[in-house]
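Okay, structure first, notes after.
In my numbering, the protein residues as written are 14 to 246.
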């Protein structure tokens, strides 16, 4: 890396470079890395392309990051547009707030109840704001149904499956075979786009992109042949 940086005139600043070891071991083996004679500091989480990655492969930091940004924007909208019509309030939520919760969810999808509920809570607050309904006896689920808003967990699932569909049909320059293997068709049942079930030993891997997509994509194709999952819910 140092030789590459010298060749192209893009020298690294070792004081701003860190290393992170992806592992869930209680006692991992530590290795010291040096760059230009400077020992690199090891970190437990880092941000890459707007997504926060943790060394234990969980999404707690990314969930907190996304919900924090969405909450700040939602509070701003509530303070400044409280007397607008419901249609304008809904448009403000869909264009300014929800993108923070949907950003890159084809790559990250929290699976713990705590993180899922934390994200859904933002949309529930937005539903009350849009409809101007703050009563304790009001069903927020009914409000979202009237607004035709699906749960954000469902949207993340659609984003994952849409990405896999695009990989299969050459719309994304990613070889899905490097991550998930097609299943040989040995009977008349099913379809040609079945994938082998991946054996997992950790909940982080079981709920990651490829194991989930393999099962979900089979279920989707079984019910809707030759149709991509809806990505505009």
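Here a beta-carbon is modelled for each residue, glycine too, at the ideal position from N, C-alpha and C. In this text, all values refer to a predicted model and were calculated from it rather than measured experimentally.
CB-CB length for residue i against residue j, believed under 8 Å
i: residue 114; j: residue 160; result: Incorrect: roughly 16 Å between the Cβ atoms, too far for contact.
i: residue 87; j: residue 138; result: 6 Å
i: residue 59; j: residue 31; result: 7 Å
i: residue 153; j: residue 103; result: Between residue 103 and residue 153 the Cβ distance is about 15 Å, and since that is not below 8 Å, they are no contact.
Extent of the continuous beta strand (DSSP E) to which residue i belongs
i: residue 65; result: 64-67
i: residue 60; result: 58-61
Three-state secondary structure (DSSP) of residue i
i: residue 118; result: coil
i: residue 163; result: coil
i: residue 123; result: coil
i: residue 157; result: helix
i: residue 45; result: coil
i: residue 31; result: strand
i: residue 54; result: strand
Alpha-carbon spacing of residue i relative to residue j, whole angstroms
i: residue 62; j: residue 75; result: 12 Å
i: residue 150; j: residue 141; result: 12 Å
i: residue 28; j: residue 17; result: 18 Å
i: residue 48; j: residue 65; result: 24 Å
i: residue 188; j: residue 120; result: 15 Å
i: residue 163; j: residue 125; result: 19 Å
i: residue 33; j: residue 78; result: 19 Å
i: residue 181; j: residue 71; result: 27 Å
i: residue 53; j: residue 73; result: 25 Å
i: residue 22; j: residue 51; result: 19 Å
i: residue 93; j: residue 116; result: 24 Å
Cβ-based neighbour list, residue i, same chain, cut-off 8 Å, excluding 5 preceding and 5 following
i: residue 129; result: 123, 166
i: residue 25; result: 14, 15, 18, 48, 49
i: residue 97; result: 105
i: residue 110; result: 83, 86, 87, 90, 135, 139
i: residue 185; result: 176, 179
The alpha helix (DSSP H) enclosing residue i, as first and last residue numbers
i: residue 191; result: Here residue 191 belongs to no alpha helix (DSSP H), and DSSP marks it neither H nor E.
i: residue 110; result: Note, residue 110: premise wrong, no alpha helix (DSSP H); not H, not E.
i: residue 2; result: What the structure shows of the chain is the stretch from 14 to 246, and residue 2 is not part of that stretch, so it cannot be assessed.
i: residue 17; result: 15-20
Cutoff 7 Å; reference residue i; Cβ partners in own chain excluding five residues on either side
i: residue 146; result: 156
i: residue 131; result: 76, 80
Neighbourhood of residue i by C-beta, 6 Å cutoff - its chain only, sequence neighbours within 5 removed
i: residue 169; result: 118, 122
i: residue 37; result: 69
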